[in-house]
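In our numbering, the protein residues as written are 15 to 171. Shown next, in structure tokens, is the structure this report addresses.
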């Protein structure tokens, strides 16, 4: 459930016949594992097939995604990562630029892309957002990608 208490519904079987790529930044392995668990569960529940690519951090997620787009092998994408504020401005650059680059890719290429980049103050906040029993932001990102892929298919009919 999101902070408003509502989770956007994904039509049953929305992913049947579709192949998704999950790109995960692994700067915080425990958070990354949980976000990936939520994303894959959402894709599986919708009947979608998927592949996973791991990169070192949220900063590399857009680069790997851009490489994958060029292959034309995927119907949708899920971008996962976590940026936790530290004692320097590194957080501002990584959080802002990774999300900006992902949004630009999605808009310019009209991609069904679910963005699940956590930007938090503490690891405890990240865990609440990643935990599939709590906010499940990885699952939310996958559900967003599924919904967008359905919209794209409908508009292309």
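Note that beta-carbon positions come from the ideal geometry of N, C-alpha and C, so glycine has one too.
Just to confirm, does residue i get its C-beta within under 7 Å of one of the non-hydrogen atoms of the ligand NAD?
{"i": "residue 162", "result": "The model on display carries no ligand, and the ligand NAD is accordingly not part of it."}
Does DSSP put residue i in a helix, in a strand, or in coil?
{"i": "residue 26", "result": "coil"}
{"i": "residue 9", "result": "Because residue 9 is not part of the residues shown, which for the chain are 15 to 171, the question remains open."}
{"i": "residue 46", "result": "helix"}
{"i": "residue 166", "result": "helix"}
{"i": "residue 63", "result": "strand"}
{"i": "residue 124", "result": "coil"}
{"i": "residue 39", "result": "strand"}
{"i": "residue 86", "result": "coil"}
{"i": "residue 110", "result": "helix"}
{"i": "residue 100", "result": "coil"}
Name the residue from the options whose alpha carbon lies nearest to the alpha carbon of residue i.
{"i": "residue 108", "options": "32, 66, 39, 137", "result": "39"}
{"i": "residue 23", "options": "168, 130, 115, 157", "result": "157"}
{"i": "residue 81", "options": "53, 64, 37", "result": "37"}
{"i": "residue 119", "options": "91, 97, 61, 133", "result": "91"}
{"i": "residue 54", "options": "115, 163, 154", "result": "154"}
{"i": "residue 127", "options": "160, 62, 101", "result": "160"}
{"i": "residue 178", "options": "85, 88, 89, 67", "result": "There is no way to answer for residue 178, as the model of the chain reaches only from 15 to 171."}
{"i": "residue 43", "options": "31, 145, 169, 25", "result": "145"}
{"i": "residue 27", "options": "52, 104, 58", "result": "58"}
{"i": "residue 117", "options": "34, 21, 77", "result": "77"}
{"i": "residue 79", "options": "35, 106, 56", "result": "35"}
{"i": "residue 25", "options": "97, 56, 51", "result": "56"}
Can the beta-carbon of residue i be found less than 8 Å from the beta-carbon of residue j?
{"i": "residue 73", "j": "residue 152", "result": "no"}
{"i": "residue 165", "j": "residue 125", "result": "no"}
{"i": "residue 75", "j": "residue 93", "result": "yes"}
{"i": "residue 142", "j": "residue 150", "result": "no"}
{"i": "residue 140", "j": "residue 132", "result": "yes"}
{"i": "residue 86", "j": "residue 62", "result": "no"}
{"i": "residue 95", "j": "residue 112", "result": "yes"}
For residue i, which residues from the same chain have a beta carbon less than 8 Å from its beta carbon, with the 5 sequence-adjacent residues on both sides left out?
{"i": "residue 70", "result": "39, 40, 41"}
{"i": "residue 51", "result": "146, 152"}
Where does the unbroken alpha helix (DSSP H) through residue i begin, and where does it stop?
{"i": "residue 133", "result": "Where residue 133 is concerned, there is no enclosing alpha helix (DSSP H), although the beta strand (DSSP E) it sits in stretches over 127-134."}
{"i": "residue 21", "result": "No alpha helix (DSSP H) holds residue 21; DSSP gives it neither H nor E."}
{"i": "residue 74", "result": "Counting along the chain, residue 74 falls outside any alpha helix (DSSP H), and DSSP gives it neither H nor E."}
{"i": "residue 139", "result": "137-144"}
Can you list, in chain order, the residues of its chain with a C-beta nearer than 6 Å to that of residue i? Leave out the 5 residues immediately preceding and following it.
{"i": "residue 135", "result": "99"}
{"i": "residue 115", "result": "76"}
Could you confirm whether any beta carbon from chain C is found closer than 8 Å to the beta carbon of residue i?
{"i": "residue 84", "result": "Annotation note: the requested chain C is absent from the structure, which comprises a single protein chain."}
Using C-beta distances below 7 Å, list every residue in its chain close to residue i, excluding the 5 sequence neighbours before and after it, in chain order.
{"i": "residue 163", "result": "32, 89, 90, 126"}
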